[in-house]
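Enquirer: Here it is, the structure, as structure tokens.
Protein chains in written order, with full-length UniProt numbering: chain A, 1 to 299; chain B, 1 to 232.
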């Protein structure tokens, strides 16, 4: 089956800066993929290249098997919702009408529901909206468009907690009813972690991690307790971080724990905590040689 | 899936009714009223029509509207899966449609102006000497060509600004002035100003419309080449 997205040897240079270096991956559909990384990691550049808004310096991307750049038949099947979207001098209802014109699977009922849920006044000019309301408008359009490939670039920027929770709920509900390929670029990783099927982590333009989200859960554990007990549990394992405060030590170790490990930890009175996806992405960026995690996806 | 039809993108652009459908008419009406007021204040001359130039506001507004069409509407269209090529074709089609509408108003306005003796005050608002002269259909064609030219010129400026920012736009304008200066120098060295004057003196409205149409073709080519490499 043709992947929804494939990239190979993708590179984007700006004079003295490399925004992307040799990025290669594939994403199948249906799937919710998290594109994670710190600010300036290259997430937005990658999404813009996928949406045909930016040009690659080298390499290629394919969306539904075709080069998206200037190909209307491919572009029409995708939408890119950006945090910094520029809107024409339109009212909210006109911006929604614009998307309705261009997307064959547009769901007007969903759009109306979301406008109500986010308290977006249809008659208000877009330029008069607050930052959070503009973000909410983008989310409304992105979800109601039901594009086969939906790209969200920092979709929750400027949104309050309630609105973010609403978005995640709506996204999941709509995805369950209409499975498609959704890519979420975010640095609010833990909030979105439960939604993700796949995780791509970019660091300084390089793809350093590409794995199914389920494979990542439990691959690192934080161990806290008396220093000698912690040392006993983590002996022979790769540790990424170690902090000692008084007699207590916290270490982050790589590798899954089995029942014997848990029994031993219980016996040694150690506290075990799962390393969150946010922390995991951070370790992958800082110490990807030691994490055992790789950008090469296991088939 | 079929590609996005150009007409759909035209409809998308026309969602901004104020910019495309209201603004040029408001300025045209404002220019008309201003001309009437000015002519009431100054003594009548001996000519057959007093041209004040209020109609110039319309092509200037088209220039601004053309620039506006790529400043804000283009990024949103690209986000909604429209290709640069389709967008350019749609914006050009819109420019042509709007210009034909305005051109028709100008042509009809000329007829009304002539039959009413210049709106009763000898005003030549729609008649522009040498440019909007001749039969109504020629005035329509000429006005349409001028307005398309201004829209497309504004659009090209907007595209250059989006692609190269203020320094690039300044260089773009400077390059055009440079070309004009070089042409003037070359004409001077070749002692060709008499010939140029003679050519302009004999140029008819039809010939001028043809020359303007050629300029439109050049502007469209330049604009299309620019939009092909625009990033958002």
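Note that the Cβ used here is the ideal one computed from N, Cα and C, for glycine as well. In this text, all values refer to a predicted model and were calculated from it rather than measured experimentally.
In three-state terms, what does DSSP make of residue 273 (chain A)?
Expert: Sequence index remark: in the first chain, residue 273 (chain A) carries index 273 (1-based). Strand.
Enquirer: Considering only C-alpha positions, which residue in the set B:125, B:7 and B:89 is nearest to residue 50 (chain B)?
Expert: Your numbering for residue 50 (chain B) matches position 50 in the second chain. Comparing Cα-Cα distances from residue 50 (chain B) to each of B:125, B:7 and B:89, the minimum goes to B:125.
Enquirer: Would residue 140 (chain B) be called buried (16 or more neighbouring beta carbons within 10 Å of its own) or exposed?
Expert: Position 140 of the second chain holds residue 140 (chain B). It is buried - the Cβ of residue 140 (chain B) has at least 16 other Cβ atoms within 10 Å.
Enquirer: In its own chain, which residues sit with a C-beta less than 7 Å from the C-beta of residue 61 (chain B), not counting the 5 before and 5 after it?
Expert: In the second chain, counting from the first residue as 1, residue 61 (chain B) sits at position 61. Closer than 7 Å at Cβ, skipping near neighbours: 23, 24 and 27.
Enquirer: With DSSP run on the structure shown, which of helix, strand or coil describes residue 79 (chain A)?
Expert: Counted from its first residue, the first chain places residue 79 (chain A) at position 79. Three-state DSSP puts residue 79 (chain A) in a strand.
Enquirer: Going straight from the alpha carbon of residue 192 (chain A) to that of residue 30 (chain A), what length do you get?
Expert: The count along the first chain starts at 1 and reaches residue 192 (chain A) at position 192. The count along the first chain starts at 1 and reaches residue 30 (chain A) at position 30. One C-alpha to the other measures close to 17 Å.
Enquirer: With three or more beta-carbon pairs closer than 8 Å as the criterion, would you say the segment 143-157 of chain B touches the segment 195-213 of chain B?
Expert: Three or more Cβ pairs drawn from the segment 143-157 of chain B and the segment 195-213 of chain B lie within less than 8 Å of each other, which places the two stretches in contact.
Enquirer: Using a Cβ cut-off of 9 Å (strictly closer), state whether residue 78 (chain A) contacts chain B.
Expert: On the first chain, residue 78 (chain A) is found 78 positions in, with the first residue counted as 1. True, the Cβ-Cβ gap to chain B drops below 9 Å.
Enquirer: How close, in whole Å, do the beta carbons of residue 36 (chain B) and residue 123 (chain B) come, if the pair is a contact with beta carbons under 8 Å?
Expert: On the second chain, residue 36 (chain B) is found 36 positions in, with the first residue counted as 1. On the second chain, residue 123 (chain B) is found 123 positions in, with the first residue counted as 1. Yes, they are in contact, since the Cβ atoms of residue 36 (chain B) and residue 123 (chain B) sit about 7 Å apart, within 8 Å.
Enquirer: Along chain A, which residues have their Cβ under 9 Å away from the Cβ of residue 78 (chain B)?
Expert: The residue you call residue 78 (chain B) lines up with position 78 of the second chain. Those are 51, 52, 53, 75 and 80, listed as they occur along chain A.
Enquirer: State the Cα-Cα distance for the pair residue 170 (chain A) and residue 182 (chain A), rounded to the nearest angstrom.
Expert: For the purposes of this step, residue 170 (chain A) is taken as the residue at position 170 of the first chain. For the purposes of this step, residue 182 (chain A) is taken as the residue at position 182 of the first chain. Spanning the two alpha carbons is a distance of roughly 13 Å.
Enquirer: Look up residue 230 (chain B) in the DSSP assignment and say whether it is helix, strand or coil.
Expert: As a working note, residue 230 (chain B) is residue 230 in the second chain. Reduced to three states, the DSSP call for residue 230 (chain B) is coil.
Enquirer: Please go through the same chain and pick out, in chain order, the residues whose beta-carbon is closer than 6 Å to the beta-carbon of residue 118 (chain A), but skip the five residues on each side of it.
Expert: Stepping through the first chain from its first residue, residue 118 (chain A) is reached at position 118. Excluding positions up to five away in sequence, the list reads 136.
Enquirer: For the segment 241-250 of chain A against the segment 220-228 of chain A, are there 3 or more C-beta pairs whose distance is under 8 Å?
Expert: yes
Enquirer: Determine whether the Cβ of residue 169 (chain B) lies closer than 9 Å to any Cβ atom of chain A.
Expert: Taking the first residue of the second chain as 1, we reach residue 169 (chain B) at position 169. By this cut-off, residue 169 (chain B) is not an interface position.
Enquirer: Extract the residue ranges of the beta strand (DSSP E) inside the segment 145-192 of chain A, only unbroken runs of 3 or more that lie entirely within it.
Expert: 149-153 and 181-186
Enquirer: So, residue 46 (chain A) versus residue 4 (chain A), is the Cβ gap smaller than 9 Å?
Expert: Residue 46 (chain A) sits at position 46 when you count from the first residue of the first chain. Residue 4 (chain A) sits at position 4 when you count from the first residue of the first chain. Taking 9 Å as the Cβ cut-off, residue 46 (chain A) and residue 4 (chain A) do not qualify as a contacting pair.
Enquirer: Between the segment 5-25 of chain A and the segment 52-69 of chain A, are three or more C-beta pairs nearer than 8 Å?
Expert: When Cβ pairs closer than 8 Å are counted between the two stretches, the segment 5-25 of chain A is seen to touch the segment 52-69 of chain A, the count reaching three or more.
Enquirer: Taking beta-carbon pairs under 7 Å, can you tell me which members of the segment 53-69 of chain A lie near chain B?
Expert: 53, 54 and 55
Enquirer: Could you list which residues in chain B have their beta carbon closer than 7 Å to that of residue 16 (chain A), in chain order?
Expert: Position 16 of the first chain, counting from 1, holds the residue named residue 16 (chain A). Near residue 16 (chain A) there are no residues of chain B at all, since even the closest Cβ is about 18 Å away, more than 7 Å.
Enquirer: Against residue 16 (chain B), what residues of chain A qualify as contacts under a CB-to-CB distance less than 8 Å, listed in chain order?
Expert: Here residue 16 (chain B) refers to the residue found at position 16 of the second chain. Taking a Cβ-Cβ cut-off of 8 Å, the neighbours of residue 16 (chain B) in chain A comprise 88, 89, 90 and 94, given in sequence order.
Enquirer: Give the straight-line distance between the Cα atoms of residue 298 (chain A) and residue 177 (chain A), rounded to the nearest whole angstrom.
Expert: In the first chain, residue 298 (chain A) corresponds to position 298, counting from 1. In the first chain, residue 177 (chain A) corresponds to position 177, counting from 1. For residue 298 (chain A), the predicted structure reports a pLDDT of 41, less than 50, and the residue's modelled location is therefore unreliable. The matter cannot be settled from this model.
Enquirer: Within its chain, find whatever has a CB closer than 6 Å to the CB of residue 125 (chain A); leave out the 5 residues flanking it on each side and keep chain order.
Expert: Your numbering for residue 125 (chain A) matches position 125 in the first chain. Correct list, in chain order: 91.
Enquirer: From the DSSP output, in three-state form, read off residue 283 (chain A) for me.
Expert: Position 283 of the first chain holds residue 283 (chain A). Helix.
Enquirer: Residue 120 (chain B): which of B:20, B:17 and B:40 sits nearest, CA to CA?
Expert: As a position in the second chain, residue 120 (chain B) is number 120, starting the count at 1. Out of B:20, B:17 and B:40, B:40 has the C-alpha closest to the C-alpha of residue 120 (chain B).
Enquirer: Just to confirm the assignment: which complete alpha helix (DSSP H) runs, minimum length 4, are found wholly within the segment 72-130 of chain B?
Expert: Entirely contained in the segment 72-130 of chain B, the alpha helix (DSSP H) runs reaching 4 residues are, in chain order, 73-79 and 84-115.
Enquirer: Please report the Cβ distance between residue 53 (chain A) and residue 86 (chain B), rounded to the nearest whole angstrom; I am assuming they are in contact, meaning their Cβ atoms lie under 8 Å.
Expert: On the first chain, residue 53 (chain A) is found 53 positions in, with the first residue counted as 1. On the second chain, residue 86 (chain B) is found 86 positions in, with the first residue counted as 1. Not quite, the Cβ-Cβ distance comes to about 14 Å (not below 8 Å), so this is no contact.
Enquirer: When you compare each of A:145, A:116 and A:130 to residue 160 (chain A) by their alpha carbons, which one comes out closest?
Expert: Taking the first residue of the first chain as position 1, residue 160 (chain A) is located at position 160. Of the candidates A:145, A:116 and A:130, the residue whose Cα lies closest to the Cα of residue 160 (chain A) is A:130.
Enquirer: DSSP three-state call for residue 220 (chain A): helix, strand or coil?
Expert: Residue mapping note: residue 220 (chain A) aligns to position 220 of the first chain, counting from 1. Three-state DSSP puts residue 220 (chain A) in a strand.
Enquirer: Just how far apart, CA to CA, sit residue 287 (chain A) and residue 240 (chain A)?
Expert: Residue 287 (chain A) sits at position 287 when you count from the first residue of the first chain. Residue 240 (chain A) sits at position 240 when you count from the first residue of the first chain. Using only the alpha carbons, I get a separation of about 7 Å.
Enquirer: Do residue 23 (chain A) and residue 202 (chain A) have their C-beta atoms closer together than 9 Å?
Expert: In the first chain, residue 23 (chain A) corresponds to position 23, counting from 1. In the first chain, residue 202 (chain A) corresponds to position 202, counting from 1. Closer than 9 Å, so yes.
Enquirer: Flag this pair as yes or no: are the beta carbons of residue 9 (chain B) and residue 90 (chain B) separated by less than 9 Å?
Expert: Residue numbering aside, residue 9 (chain B) sits at position 9 when the second chain is read from its first letter. Residue numbering aside, residue 90 (chain B) sits at position 90 when the second chain is read from its first letter. Yes, Cβ-Cβ distance for residue 9 (chain B) and residue 90 (chain B) is below 9 Å.
Enquirer: Measuring alpha carbon to alpha carbon, tell me which residue in B:94, B:42 and B:84 is nearest residue 255 (chain B).
Expert: Since the first residue of chain B shown is 1 and the last is 232, residue 255 (chain B) is not available in this structure.
Enquirer: Between residue 125 (chain B) and chain A, is the shortest Cβ-Cβ distance under 9 Å, so that the two count as touching?
Expert: Taking the first residue of the second chain as 1, we reach residue 125 (chain B) at position 125. So, not an interface residue.
Enquirer: With hydrogens ignored, establish whether the beta-carbon of residue 118 (chain B) is closer than 8 Å to any heavy atom of the ligand FMN.
Expert: No copy of the ligand FMN appears in this structure; indeed no ligand is present at all.
Enquirer: Are there 16 or more other CB atoms within 10 angstroms of the CB of residue 70 (chain A), so buried, or fewer, so exposed?
Expert: In the first chain, the residue the question calls residue 70 (chain A) occupies position 70. Under this definition residue 70 (chain A) is an exposed residue.
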